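Visitor: I am attaching a structure below and will ask some questions about it afterwards.
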Amino acid sequence: MKITLPDQSVHTFDDNATPGSVAASIGEGLARAALGAKVNGKLVDLTRPIADVAAEGDSSPVHLAIVTGPRINKKGEAQWRDGTPSGGDADALYLLRHSTAHVMAEAICKLFPKTQLAYGPPLDNGFYYDLALDTPISSADFPKIEAEMKRIVEEDRPFTRYELDRDTGMGKLYDERNKYKIDNADRALDGGAQRLSFYVTGPLAAEPDEGRLFEKAPRVTNFEDLCMGPHVPSTGRIGAFKIMSVATSHWHGDVESDRFQRVYGTAFFTQAELDAHLAQLEEAKQRDHRVVGQRHGLFTIDEKVGQGLILWKPAGAIIRQELQKFILMHLERQGYSQVFTPHIGRLDLFKTSGHFPYYQDSQYPPLILREQLSTLAKENCTCAELAHKMEKGDIDGYLLKPMNCPFHIQIYASEKHSYRDLPIRLAEFGTVYRWEQSGELSGMTRVRGFTQDDAHLFVTEDQLDVELAGCLDLVKAVFTTLGMTDYRVRVGLRDPAPGKSDKFVGDAEQWDKAGESCRKAAASLGVPFTAEEGEAAFYGPKIDFVVKDVIGREWQLGTVQVDYVLPQRFNLEYTGPDNQPHRPVMIHRAPFGSMERFIGVLIEHFNASFPLWLSPEQVRVLPISDKFLDYAHSVASQLQQAAFRVTVDRSNDRLNAKIATAQQDKVPYMLIVGGKDQEAGTVSVRHRSQGDRGAVPLAQFIADLKQERDQRRL
RNA sequence: GCCACCUUAGCUCAGCGGUAGAGCAGUGCUUUCGUAAAGCACAGGUCGUGGGUUCAAAUCCCACAGGUGGCUCCA
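Those letters in the first sequence? Residues 333 to 1046, by the working numbering.
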């Protein structure tokens, strides 16, 4: 058998060669460090015959790369080949974490013998195992589980793979009566697998009949699990691990189905890497917008006001105002018209748009008129009947708006339009309300009332592509100005699955046309994007800009959506050059998405060190003693004249204390003023990240600062 | 909404059956200071809310509210 190694050299090996035997033939060190291998790109065990894996594809020659962990020095530090620490070799960590999941499963099964295992995959930064168990596992159990895991690791038992054919394997699983594993196996076989593979955490007494295949299930005394693998060679390779948390999950993600406990953990090759990871998580916690927002007085959420409702404090309001000014500037440049619309509208309007029937569950219930309630009362309408009528929309009332589009549509529809008027671009910072499930709420990123930097464009078919591009430009401009380069682009398409058609309105042909426009526009952005089914809005496909928060959760910010459906539902028209009525296409777009979510993410992005133009407090004047308070105030007032947000530290702290406080408050500029400055008419400039910049004439400082602010420098 | 956990001063947290504690922030006084925290004093809490157990509850039990993590959902 000919095998190509990563250096492109081609070698000949026995037909029964395994990655382990190849590694051994290359060198003792490599064999010792080896954890698994990639055969034609597929991650496999060291003991897996290469020919077996290669036979699954038909590519020849066979490419083989040995996956190794880091070298661990005498101090117990991990040294990765390419010099990068954890995360430097995703494959090695994948193997490690997958194997650690097995070890954890074994430990839990030992401590809680009634446990039924379901599914335990590795993740980007750890792993989890879903298991069915009536006794709740709590964090108090973690040390016990970890102690048991430690014991298993110390025993350094091999992970041994064996395979059974379809019928024998299923027979074994039926004997064991674990419906989840039976289901997993069914799915694997449906997916084209010819055999079922099992992993024993320990040696096998018997030799397989052929390759890894047994004719009948071998007798196993150690823990074993139906698993496609692969794993590290033995439990001893697991360096450091920690159980992180436990949560609920459901079989196949279906709430109606069986409930699992999902135990999360993480693993590294060394304790030092684990510690570094935990420290990083701790740091992220300090960067969390909920912590920072509190500390810097940006916003608050008050249970007396209500869940998921943001109170913007003065400092946060400044950031929001500045961002709105920034967007308004772009809107003027791109020929938008600003409009204002109310927060509520008649239920009928939302029945026409489709919001009421399609997304009723995520709206606040309708506001019912007093007269109607008393009429119903006279008719002896019961609460149950009232609830039913409301559900069906049989009650005339007002809805707190879940979206702005119906209002903008009615503005469009309030006059006749010629093709010469198009495109018409209506923009509004529109506040909408949605009934999010209580468990979903999260700081500013998932709320029940929020303001979209919304706009709706009414365009002709011919204008669609150009206008879409214009919208995407705007989103890109926003992200670029703020230095947010770490985003991904998602084209959200309709879910084609049968039964999901109640999740969208309109016909498939229009959807496909709109989807195509979105793909084309996304492709023209020049950044990679993914097309994802089931991620569309109910009225049309969309292009979303998605970013991660400090704990790795993804949030959709900017969005651009193409809509053929609402113009039809509202019967929108314009008069074409042929003097005939035509239907416009709508584009919905919001470069920030929502002010709340965007600023929540922005707080974390800057870790509260906002660029000058966004900083709630731009300059703080620090007199070295209160003898210089007068001069400090005169400096401040000149800055205020130049429209800077400036304060004077009037405390009788010492200078060092004033500096420490200002640094903590992340004020971009500190102006230290004392006798020398007063005499010379200068200020001693200290920048929050660059430190002491020395004395400069005040006028000079103001001129420089204006530039930095007006250019919105980062 | 579901599961687990959490809720003590403005903030961060200790106390876990026997009279409510610390640091920071705040207020007052002393100090008048040149690039990351001077000193002293004072004030501040029905221990989330409501029930229960007990001679005695911040502490144990129950319910509710709010929060955190995850699941599900997300126009």
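Every residue gets a Cβ at the ideal spot worked out from N, C-alpha and C, and that includes glycine. These figures come from a predicted structure and were not determined experimentally.
Opposite Gln-593 in the DSSP bridges: which residues?
Guide: Looking at the DSSP output, Gln-593 sits in a beta bridge with Leu-463, Thr-580.
Visitor: If you pair each beta-carbon of the segment 923-941 with each one of the segment 620-628, do three or more pairs fall below 8 Å?
Guide: yes
Visitor: What's the call for Arg-952, buried or exposed, on a 16-neighbour Cβ count within 10 Å?
Guide: Buried, since its Cβ has 16 or more Cβ neighbours within 10 Å.
Visitor: CA-CA distance, Pro-417 and Ala-616?
Guide: Per-residue confidence for Pro-417 stands at a pLDDT of 44, beneath the threshold of 50, marking its modelled position as unreliable; no derived number is given.
Visitor: Under 7 Å, do Thr-432 and Ala-599 count as touching if we go by C-beta distance?
Guide: yes
Visitor: Near Ala-1031, what residues of its chain come up, given a Cβ to Cβ distance below 8 Å and the 5 sequence neighbours on each side ignored?
Guide: none
Visitor: Ends of the beta strand (DSSP E) at Met-1002?
Guide: 1001-1005
Visitor: Around the Cβ of His-609, are there at least 16 other Cβ atoms within 10 angstroms (buried) or fewer (exposed)?
Guide: buried
Visitor: In this structure, how does DSSP classify Met-722 when only helix, strand and coil are distinguished?
Guide: Three-state result, Met-722: helix.
Visitor: Short of 6 Å in beta carbon distance, which residues of its chain neighbour Asp-1024, apart from the five on each side in sequence? Order them along the chain.
Guide: Arg-1018
Visitor: Of the choices Ser-566, Thr-350, Leu-1046, Thr-602, whose alpha-carbon is the least far from that of Thr-533?
Guide: Ser-566
Visitor: Could you pull out every residue in the same chain whose Cβ sits closer than 7 Å to the Cβ of Ala-549, ignoring the five residues on either side in sequence?
Guide: Leu-496, Thr-500, Lys-504
Visitor: Quick one: complete alpha helix (DSSP H) runs, 4+ long, within the segment 591-636?
Guide: 603-619, 621-627
Visitor: To the nearest angstrom, report how far apart Gly-373 and Pro-899 are at their CA atoms.
Guide: 48 Å
Visitor: How about Tyr-691 and Leu-732: do their beta carbons lie closer than 7 Å?
Guide: No, the Cβ-Cβ distance between Tyr-691 and Leu-732 is not below 7 Å.
Visitor: Which term fits Arg-1045, buried or exposed, when burial requires 16 or more other beta carbons within 10 angstroms of its beta carbon?
Guide: Exposed, because fewer than 16 other Cβ atoms sit within 10 Å of the Cβ of Arg-1045.
Visitor: Since Pro-1051 contacts Ser-685 with CB under 8 Å, what's their CB separation in whole angstroms?
Guide: Any property of residue 1051 remains undetermined from this structure, which presents the chain solely from 333 to 1046.
Visitor: Would Phe-902 and Ile-700 be called neighbours here (beta carbons separated by less than 7 Å)?
Guide: no
Visitor: Anyone know if the C-beta pair for Gly-872 and Gln-893 falls short of 7 Å?
Guide: yes
Visitor: Are the CB atoms of Arg-757 and Leu-806 nearer to each other than 7 Å?
Guide: no
Visitor: Skipping 5 residues on each side, what residues in its chain have a beta carbon closer than 8 Å to that of Arg-551?
Guide: Annotation for Arg-551: Ala-537, Ala-538 place their beta carbon closer than 8 Å to its own, counting only its chain and skipping 5 residues before and after.
Visitor: Suppose the cutoff is 8 Å on Cβ atoms and the five residues either side in sequence are ignored; what does the same chain contact list for Leu-375 look like?
Guide: These residues qualify, in order along the chain: Gly-368, Ala-369, Val-399, Asp-423, Tyr-426, Leu-427, Pro-562.
Visitor: Can the beta-carbon of Ala-759 be found closer than 7 Å to that of Gln-670?
Guide: For Ala-759 and Gln-670, yes; Cβs fall inside 7 Å.
Visitor: With Asp-876 as the anchor, note down where its beta strand (DSSP E) starts and where it stops.
Guide: 874-880
Visitor: What is the rounded straight-line gap between the Cα of Val-978 and the Cα of Thr-602?
Guide: 49 Å
Visitor: Quick one: give me the first and last residue of the beta strand (DSSP E) that Gly-561 is part of.
Guide: Unbroken run through Gly-561: none, as it is neither H nor E.
Visitor: In its own chain, which residues sit with a C-beta less than 8 Å from the C-beta of Ala-1035, not counting the 5 before and 5 after it?
Guide: none
Visitor: So Thr-891 is in the beta strand (DSSP E); what residue range does that whole segment cover?
Guide: Here the beta strand (DSSP E) through Thr-891 covers 886-895.
Visitor: Output the distance between the C-alpha atoms of Ala-647 and Gly-629, rounded to the nearest integer angstrom.
Guide: About 6 Å.
Visitor: By alpha-carbon positions, which one of Phe-444, Ile-335, Ala-365, Ile-440 ends up nearest to Ala-386?
Guide: Ile-335
Visitor: Count the other C-beta atoms from every protein chain shown that fall within 10 angstroms of the C-beta of Val-485, then say buried if there are 16 or more, exposed otherwise.
Guide: Flag for Val-485 reads buried.
Visitor: Pull up the distance between the alpha-carbon of Arg-380 and that of Gly-571, whole angstroms please.
Guide: 23 Å
Visitor: Hey, would you say Ile-575 sits closer than 7 Å to Gly-597, going by beta carbons?
Guide: yes
Visitor: Is it right to say Tyr-668 is buried, meaning 16 or more other beta carbons lie within 10 angstroms of its own, or is it exposed?
Guide: Tyr-668 is buried by the Cβ-count criterion.
Visitor: Touching or not, the segment 991-1010 and the segment 946-963, by the rule of three or more beta carbon pairs under 8 Å?
Guide: Yes, the segment 991-1010 is in contact with the segment 946-963.
Visitor: Alpha carbon to alpha carbon, how far is Gly-419 from Met-436?
Guide: In this prediction, Gly-419 has a pLDDT of 40, which is less than 50 and means its spatial position is unreliable; what the coordinates show is noted afterwards. Going by the C-alpha atoms only, they are around 21 Å apart.
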